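Visitor: First residue of the sequence shown: 40, per the numbering used here; consecutive thereafter.
For reference, the structure I am asking about is given below.
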Amino acid sequence: MGSRINLALILTMVLTLFVSGAFGFYYYQSSGTIAERNATIATKEGQITSLNSQITSINSQMSSLQGNLTAANSQISSLQTQVSTLQTQVTTANTQASSIQNSLTSANSQIATLQSQLAAANSQITDLQTQNANL
40 MGSRINLALI LTMVLTLFVS GAFGFYYYQS SGTIAERNAT IATKEGQITS
90 LNSQITSINS QMSSLQGNLT AANSQISSLQ TQVSTLQTQV TTANTQASSI
140 QNSLTSANSQ IATLQSQLAA ANSQITDLQT QNANL
């Protein structure tokens, strides 16, 4: 009976050693995995910090660009007003040019009439001078 207890005690001790070894190996493996995961987490945190910094920089650039866009839109509005004013001035100038052209056409017609009357008068003068010379 004593040898059975010794055998049971030895088996218990072997089993305890085996289980302890298995837990030790598992702990060793887990420690390595935890360390790797901690390193991965630290790397990811660094990447997140870098990305957050880039996002902040991009947001700043966007704010600056929005300011530029607002200024450009204001300039466009001002230029559109100037274009509208210039178009009105061109229309007015075209109307004036047309009126002047009509006046010029009328004046040229009057000149032609006066030249015709002058030619007729000169012809009469020549005729009268001829008649006067004949007398």
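Where a beta carbon is used, it is the ideal one built from N, C-alpha and C, also for glycine.
On a predicted model such as this, the values are computed, not experimentally measured, just so you know.
I need the DSSP call for residue 174, collapsed to helix, strand or coil.
Guide: Looking up residue 174 in the sequence shown gives position 135. Coil.
Visitor: Going straight from the alpha carbon of residue 65 to that of residue 85, what length do you get?
Guide: Here the question's residue 65 lines up with position 26 in the sequence shown. Here the question's residue 85 lines up with position 46 in the sequence shown. Approximately 30 Å between the Cα atoms of the pair.
Visitor: Measure the alpha-carbon distance for residue 94 versus residue 59 and round it to whole angstroms.
Guide: Taking the first residue of the sequence shown as position 1, residue 94 is located at position 55. Taking the first residue of the sequence shown as position 1, residue 59 is located at position 20. Roughly 51 Å separates the two Cα atoms.
Visitor: Counting only the same chain and skipping the five closest in sequence on each side, list residues whose C-beta sits under 8 Å from that of residue 109.
Guide: Taking the first residue of the sequence shown as position 1, residue 109 is located at position 70. Taken in chain order, the list of residues that qualify is empty.
Visitor: Note down the Cα distance separating residue 135 from residue 122, rounded to an integer number of angstroms.
Guide: Along the sequence shown, one-based indexing puts residue 135 at 96. Along the sequence shown, one-based indexing puts residue 122 at 83. Each residue's Cα considered, the two are about 20 Å apart.
Visitor: Can you list, in chain order, the residues of its chain with a C-beta nearer than 7 Å to that of residue 148? Leave out the 5 residues immediately preceding and following it.
Guide: Within the sequence shown, numbered from 1, the residue matching residue 148 stands at position 109. Excluding positions up to five away in sequence, the list is empty.
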